[in-house]
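In terms of this note's numbering, the sequence shown opens at residue 60 and continues consecutively. Some notes on the structure that comes next.
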Amino acid sequence: MEAARDGNLAAIRQTYPEGCDIEYLNRKDEDGRTALHWACANKPKAGQSHAECVAYLLERRANATTVDDGGWCPLLSAASSGNADIVKTLLDANAKVDFEEASSQCTALHLACSKGHT
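Here it is as structure tokens:
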């Protein structure tokens, strides 16, 4: 999970090689987040490659619709963080565009607009 959070593509490739177990790829941490959640949630810093990490995880069949313990899917995390390239990648992978966060009923568009990411 740390590699995904940090945008470390080399470490992600090592952790989730081609043919890795799907359950392992989609395992959750103590907050119910997967590696895909973490890769989508953080705005990259110099030397990080979150968009490439997301694409790689999706190629390995990471579940783009998994919901964490807070009711968030990876698309909501990417939109809230202002990661437009990742939002596009998730939508291209058939992430549910109208998914609503359970408590606020906000969609990815609501979150992006509320954070000024338009």
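Yeah, the Cβ is synthetic: ideal placement off N, Cα and C, and Gly gets one too.
Would R123 and A143 qualify as a contact pair, given that the criterion is a beta-carbon distance under 8 Å? According to the sequence shown, residue 123 is Ala rather than Arg. No; because the gap between Cβ atoms is not below 8 Å, this pair is not in contact.
Tell me where the alpha helix (DSSP H) around V156 begins and ends. Premise fails: V156 is in no alpha helix (DSSP H) and is neither H nor E.
With distances taken from CA atoms, which of E118, Y115, V156, E77 is nearest N131? Per the sequence shown, residue 131 should be read as Trp rather than Asn. Of the candidates E118, Y115, V156, E77, V156 places its Cα closest to the Cα of W131.
Could you tell me if P76 is buried or exposed, where buried requires 16 or more neighbouring beta carbons within 10 angstroms of its beta carbon? Its Cβ having fewer than 16 others within 10 Å, P76 is exposed.
Chain-order list of residues whose beta-carbon lies under 6 Å from that of L68 (same chain, five-residue window excluded): Once the five neighbours on either side are set aside, the close Cβ partners of L68 are S108, E111, C112.
I'd like the span of the alpha helix (DSSP H) that includes R119, first residue to last. For R119, no alpha helix (DSSP H) encloses it, and the DSSP letter there is neither H nor E.
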